[in-house]
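Shown next, in structure tokens, is the structure this report addresses.
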Amino acid sequence: MHQITKIHGDDVFSPEVCRTVQKRHDYEETFNLARKAFAEKQRLTHINNNDNDKENFDPSQVEDPIERQHRGRPSVKRLKSSTEQIKSKKPVMQNKCGKYGIAGHYAPTCKK
Numbered sequence: 527m528h529q530i531t532k533i534h535g536d537d538v539f540s541p542e543v544c545r546t547v548q549k550r551h552d553y554e555e556t557f558n559l560a561r562k563a564f565a566e567k568q569r570l571t572h573i574n575n576n577d578n579d580k581e582n583f584d585p586s587q588v589e590d591p592i593e594r595q596h597r598g599r600p601s602v603k604r605l606k607s608s609t610e611q612i613k614s615k616k617p618v619m620q621n622k623c624g625k626y627g628i629a630g631h632y633a634p635t636c637k638k
């Protein structure tokens, strides 16, 4: 209050000061009402937001789908090291004849 008396003298509540204070008070009330109305509009549009409303679609609201665990033993998904040797398939073993030791047939079907 002391600083106000320095500026305006002893007449602190002059009509000019009262008018300025009232304008500021009215502006503050109007601004608060506008802010509340905007917040209420945002709340209502959020509630009434349709799934078909493509204009207000926000991709960041989409979450990952829930993934269920599959039946049976889980498949191996191990990444092999670069130093690990690649195992080749075993060569196909041919039947060996028990009588003569020749590959390609076995004893019951031996023609010799």
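Residue numbers (our numbering): 527 to 638. Think of the CB as a built atom: it goes at the ideal place given N, C-alpha and C, for glycine as much as any other residue. Bear in mind that the values here come from a model prediction, so they are computed numbers and not experimental data.
For K638, the three-state secondary structure derived from DSSP is coil.
In the three-state scheme derived from DSSP, where H, G and I count as helix and E and B as strand, K549 is classed as helix. Between the C-alpha atoms of R545 and R561 there is a straight-line separation of about 24 Å. Collapsing the DSSP output to three states places K622 in a strand. Annotation for G624: Y632 and A633 place their beta carbon closer than 7 Å to its own, counting only its chain and skipping 5 residues before and after.
The criterion of a C-beta distance shorter than 7 Å is satisfied by K622 and A629. Just so you know, the alpha carbons of E589 and Q568 end up roughly 22 Å apart.
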